[in-house]
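> Residue numbers (our numbering): 592 to 874.
Mind looking over this structure? Questions follow.
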Amino acid sequence: LQALAAGAVSIITKPTLGLKGFLTDSAQALISAVRAAAGVNLRALARNADPGPTRGGAASKVQATPARASTAMPAASPGLTGLPTSRRNSVFETTDRLIAIGTSTGGTQALETVLRVLPRTIPGIVVVQHMPEKFTALFSERLNQICDIEVLEAQDGMRVITGRALIAPGGRHMAVRRSGAQYVVEVRDGPPVNRHRPSVDVLFRSVARHAGRNALGIIMTGMGDDGARGLREMFDTGAQTIAQDEASSVVFGMPKEAIKLEAAQHILALSAIGPAMAEYGRG
592 LQALAAGAVS IITKPTLGLK GFLTDSAQAL ISAVRAAAGV NLRALARNAD PGPTRGGAAS
652 KVQATPARAS TAMPAASPGL TGLPTSRRNS VFETTDRLIA IGTSTGGTQA LETVLRVLPR
712 TIPGIVVVQH MPEKFTALFS ERLNQICDIE VLEAQDGMRV ITGRALIAPG GRHMAVRRSG
772 AQYVVEVRDG PPVNRHRPSV DVLFRSVARH AGRNALGIIM TGMGDDGARG LREMFDTGAQ
832 TIAQDEASSV VFGMPKEAIK LEAAQHILAL SAIGPAMAEY GRG
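Take a look at the structure:
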């Protein structure tokens, strides 16, 4: 985790089968990690690495947002990017809201930047960060220590409540479902989706199904396209959607694919995403 805070872009777990077995079983993960490292935005990585020990609730310390990365989140906005807003009417009438975030390479620093400025009144948050099992528990503990909101590694059946962020455990999928008037998470096994477990698409599609227009979906820095189609499904059911911009992304893969699908209603710099979430929570 210290290496990630200092700017490492990925984690490859220690071999358990010897070097030959490790290379055989983990070849794809190793290749993906090397490709991600080769394609990083070094300027964004340097800006995002270890922003310091300040605890959450520090919205006033967020860097000024560039004019092209407005944080405005009006309920009926046509979208900062001019994307079409002709969307199917959502069948969900509840006023309960939640926020879903998906990220990968560079996401540990990005999540820290975003979550540490959020107030305890923020709607419940569910997060998929591509990370091996065992590391997500440590990562959640670190975030819980430096944020005002509660940050936990998700367990099956946990409630999504105000002021709490649940991070999908490494090696397992996480989805959201409704239980009466509440949202709860399902943590389950299953084959990788888009080569990932947990998968952002699995989370976003469940949010589209069970929360509809009562959700905010955010896709941030990461390699590949996991989450792009799920974010589009969220957009189609009436959710507000955000993609991180290229300049602040360590790897502009997942956000780029979402933008190509016209799934992103707003394209924001990393420094603007936390304030935009806070504004959404106040709305």
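Beta carbons are placed, not taken as given, at the ideal position from N, Cα and C, and that holds for glycine.
Using alpha carbons as the reference points, say which of Val-708, Gly-697, Lys-725 lies closest to Pro-866.
With distances taken between Cα atoms, Pro-866 lies closest to Val-708.
> Taking the straight line between their C-alpha atoms, what separation do you get for Pro-782 and Ala-854?
About 25 Å.
> Apply the 10 Å Cβ neighbour rule to Gly-771 and answer buried if 16 or more other Cβ atoms are within range, or exposed otherwise.
So Gly-771 ends up on the exposed side.
> Where does Leu-757 sit, in a helix, a strand or coil, going by DSSP?
It is a strand residue.
> Would you please state the rounded distance, in angstroms, between the beta carbons of Met-814 and Val-842? I believe it to be under 8 Å.
Going by Cβ atoms, the distance from Met-814 to Val-842 rounds to 5 Å, so yes, they are a contact pair.
> Three-state secondary structure (DSSP) at Gly-748?
Correct three-state label for Gly-748: coil.
> Below 7 Å CB to CB, which residues in the same chain sit around Asp-792 once its five sequence neighbours on both sides are set aside?
Cβ neighbours of Asp-792 beyond the five flanking positions: Val-784, Asn-785, Asp-817, Gly-818, Arg-820, Gly-821.
> Within 10 angstroms of the Cβ of Glu-732, are there 16 or more other Cβ atoms? Answer buried if so, exposed if not.
Its Cβ having fewer than 16 others within 10 Å, Glu-732 is exposed.
> Looking at Gly-715 and Ile-752, is the spacing between their C-beta atoms short of 8 Å?
Closer than 8 Å, so yes.
> May I ask which residues mark the beginning and end of the beta strand (DSSP E) holding Glu-777?
It spans 773 to 779 - the beta strand (DSSP E) in which Glu-777 sits, taken as one unbroken run.
> Give the C-beta separation of Gly-754 and Glu-741 to the nearest angstrom, bearing in mind that I take them to be a contact with Cβ-Cβ under 8 Å.
6 Å between Cβ atoms; contact.
> Run the CB neighbour count on Gln-746, radius 10 Å, all protein chains shown included, and call it buried at 16 or more, exposed below.
Gln-746 should be labelled exposed.
> Do Val-717 and Met-765 have their beta-carbon atoms positioned less than 8 Å apart in this structure?
Taking 8 Å as the Cβ cut-off, Met-765 and Val-717 qualify as a contacting pair.
> Measuring CB to CB, does Leu-807 end up less than 8 Å from Met-868?
In this structure, Met-868 lies closer than 8 Å to Leu-807 by Cβ.
> Could you check the C-alpha separation between Arg-796 and Gln-736 for me, to the nearest Å?
Distance between the alpha carbons of Arg-796 and Gln-736: 30 Å.
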